[in-house]
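In UniProt numbering, the protein residues as written are 1 to 613.
All C-beta atoms in this analysis are idealised placements derived from N, C-alpha and C, irrespective of residue type, glycine included.
Working notes for the structure below.
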Amino acid sequence: MDFAVDAALWVVGKALAPVTDGLLESCAASTELGRNIDALKMQLLYAQGMLDNAQGRDIRSPALKELLHKLRELAYCADDALDELDYFRIQDALDGTYHAANLDSQSCVDRIAINAHHTAKAAANNLKCSSSSTRADPDDQEDGGKRGCLSVVGSCGEHEISSSRPPPTTQGVQEVDGGCMPNVVSCARTAAQTIGKHFPCYSFPSVCDDDADTVMVKSSNMTGSGHQYVLQGDHAMQTRKLKFDRVVISTKILEIIEQLKLLCAMVSTILNLELLGSTRIPPAQDITMNRPKTTPNIIEPELYGRNDQKKEIIDDITNGKYCTNELTVVPLVGPGGIGKTTLTQHIFAELEGSFQVSVWICVSLDFNADRLTQEIVKKIPEVNDEKANATNQQLIVQRLKSKRLLLVLDDVWTYHEDEWKKLLAPLSHTGGEKGNVVIVTTRIPKVASMVTTTNSSIDVGRLSHEDTRSFFEVCVFGDQRPWEDHSELRDVGNRIVTKLKGFPLAAKTVGRLLRNQLTLDHWIRVAESREWELQTNDNDIMPALKLSYDYLPFHLQQCFFYCGLFPEDYEFSAKELVHFWTGLGILRPLDQAKRTEDIALSYLNDLVNHGFF
């Protein structure tokens, strides 16, 4: 007998284990959702504090960098979980339910009812898994009612909650979730109703199966008017709602908390050791790369070190070897940041008066003849008697008839012979007018050699040390006399100029960084930064650009980082960028009185002032 009892007990325990264990865990997870959210927020604050402390540190440990990266990724997961919860809270507000709410503010009965519902769902899911696994064991299978589920009938006053569902109707009511789910949910409802009947103002919240597209909800009127069934589904709502499960999201949040605790402990230990030997880049005050779309408008009013080269190019176009050709392609080639666009802007400004039509196109990576032709057409003035339904190529020919054209194709990266010929075809039929010029800027020597119609391309080289220093001084001091009242900065300034390698973009970027703090300590930190050691060759200006990026406060780095989602040379408005940052939730209001739009605009202004746009 003892053997039989023990055997039976083992079988019962084996069958009930997934239900009882899952039920307790699910109940705890559902009831602890609010506290788990608070705990997650606290853990995120701790992680944020650590990341803020690490921000700007010159950290060299690859292991620590990897841990910090994982910590950020985990923080993103937590943020996603909270965003998901906020979504369902909004859905609750629309539906008048409390499934995703922090139940601490709800009544005792509402808490019991909602927790019971979500606990029952989790238990039913466990039952399904258990049932599917036990059916694989022939010894555990039984016939008929032995495989049935719990059947519970409870009462509250004169109203009855039954485990049986309404019969199918012709109105599209579907059976909700087979197996044990309806009966287990009925059990949870009965428990809530039994307690609820002792409260005169109690109104049991409607609980429906989230897994169904079309459900039948039984609503009870506690004043005694009987039951009422409400059809919900394709006839009432076309869009299927997303499902919410308190147990699942609570468990997910709890797992994230545990991972955060472990990871934060490791990072904190290593970080404390690492920071003992590292230098701190202080956060800049009030400062807030994708290349912006270029225009012919001159940004730098004075051209440093290029005047002789500019004069030679202009003379060749107006009076020299190019003016007698029908169409001449003049490529300017040089590495990024060397000043090709700035030089071309000054050339374009002086030549505009010599051409009837002047067009500037920023090409970038997408060299598509049809797109470029369409842009050119838009910038050429219309003429009388244009043919109806004319193609863009035909319109160019009509509008350029007997006119000289100056076309700038800035920032060309690729060359496709067919596309190039297609683009130039209408430009070569301008009614016999000579002296048409196409200026191409590119950083790819092969592209320059393929498009040129002259003997050679024009190389745009680095500035001399003297010209670099002059431009650097303007970027730092503006219209003021350089080094006036700051003579102690001259020597370290010359050291920094040497590191700029004659690149105007590097001088501009680092100069704007230094002008915010005209102190010797700040300038020495910049001059001795390890970023300069990463310079691979004389044409590498990335350390200078990276240095300026590192000095941005983290919230501005985030804003600039997400701009990488835009295509290169994408022309966006300030309003679009404000909405973009706001939607990402990366704005950090330090002043609660400020509007979100004002905060975003201040971020944008800071980035503009420091050369990132």
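{"Query": "Nearest neighbour of Ala63, chosen from Thr269, Ile37, Cys475, Glu255 [CA to CA]", "Result": "Thr269"}
{"Query": "Burial state of Leu260 (16 or more Cβ within 10 Å)", "Result": "buried"}
{"Query": "Alpha-carbon spacing of residue 644 relative to Cys475, whole angstroms", "Result": "Because residue 644 is not part of the residues shown, which for the chain are 1 to 613, the question remains open."}
{"Query": "Closest Cα partner of Leu407 within the set Ile586, Val247, Val377", "Result": "Val377"}
{"Query": "Cut-off 6 Å between Cβ atoms - residues of its own chain near Gly334, not counting five sequence neighbours on either side", "Result": "Lys340, Val460"}
{"Query": "Rounded C-alpha distance that separates Ala78 from Phe580", "Result": "21 Å"}
{"Query": "Rounded straight-line distance, which links the Cα of Leu601 to that of Met450", "Result": "43 Å"}
{"Query": "Leu406 - partner residues in DSSP beta bridges", "Result": "Ser358, Val437"}
{"Query": "Classification of Ile256 by the beta-carbon crowding that lies within 10 angstroms, buried from 16 upward", "Result": "buried"}
{"Query": "Distance between Ser354 and Thr318 (C-alpha atoms, nearest Å)", "Result": "8 Å"}
{"Query": "Three-state secondary structure assigned by DSSP to Val460", "Result": "coil"}
{"Query": "Segment contact, 8 Å Cβ cut-off, at least three pairs: the segment 349–364 with the segment 462–474", "Result": "no"}
{"Query": "Where Ser464 falls, given that 16 or more other Cβ within 10 Å makes a residue buried", "Result": "exposed"}
{"Query": "Three-way DSSP call (helix, strand, coil) for Asp411 in this model", "Result": "strand"}
{"Query": "C-beta contact flag for Gln374 and Glu386 at 8 Å", "Result": "no"}
{"Query": "Inter-residue spacing [alpha-carbon to alpha-carbon] between Gly435 and Leu505", "Result": "33 Å"}
{"Query": "DSSP-derived helix/strand/coil call for Pro504", "Result": "helix"}
{"Query": "First and last residue of the uninterrupted alpha helix (DSSP H) at Leu68", "Result": "62–95"}
{"Query": "Same chain, Cβ closer than 8 Å to Ala349, neighbours up to 5 away in sequence not counted", "Result": "Pro296, Ile298"}
{"Query": "Proximity to Leu584 [Cα-Cα], best of Tyr562, Thr442, Met50", "Result": "Tyr562"}
{"Query": "Rounded straight-line distance, which links the Cα of Leu514 to that of Gly493", "Result": "10 Å"}
{"Query": "Sheet register partners of Pro331 (DSSP bridge)", "Result": "Val440"}
{"Query": "Whole-Å CB distance - Cys264 paired with Tyr46, under 8 Å assumed", "Result": "6 Å"}
{"Query": "Limits of the unbroken alpha helix (DSSP H) element including Gln449", "Result": "Before going further, note that residue 449 is Ser rather than Gln in the sequence given. Here the alpha helix (DSSP H) through Ser449 covers 445–451."}
{"Query": "Spatial distance of Trp420 from Gln309 (CA atoms)", "Result": "27 Å"}
{"Query": "For Ser428: DSSP bridge partner residues", "Result": "According to DSSP, which records beta bridges pairwise, Ser428 is partnered with nothing at all."}
{"Query": "Rounded C-alpha distance that separates Val330 from Phe566", "Result": "30 Å"}
{"Query": "Spatially closest choice to Leu405 from Thr391, Leu351, Thr414, Tyr415, by CA coordinates", "Result": "Leu351"}
{"Query": "Endpoints, alpha helix (DSSP H) assigned at Cys323", "Result": "Element bounds for Cys323: n/a, residue is neither H nor E."}
{"Query": "Residue span of the alpha helix (DSSP H) that contains Val474, given as start and end", "Result": "465–477"}
{"Query": "Where Val363 falls: helix, strand or coil (DSSP)", "Result": "strand"}
{"Query": "Buried/exposed call for Asn307, threshold 16 Cβ in 10 Å", "Result": "exposed"}
{"Query": "Spatial neighbours of Ser428 in its chain, beta-carbon cut-off 6 Å, leaving aside the 5 residues before and after", "Result": "Leu327"}
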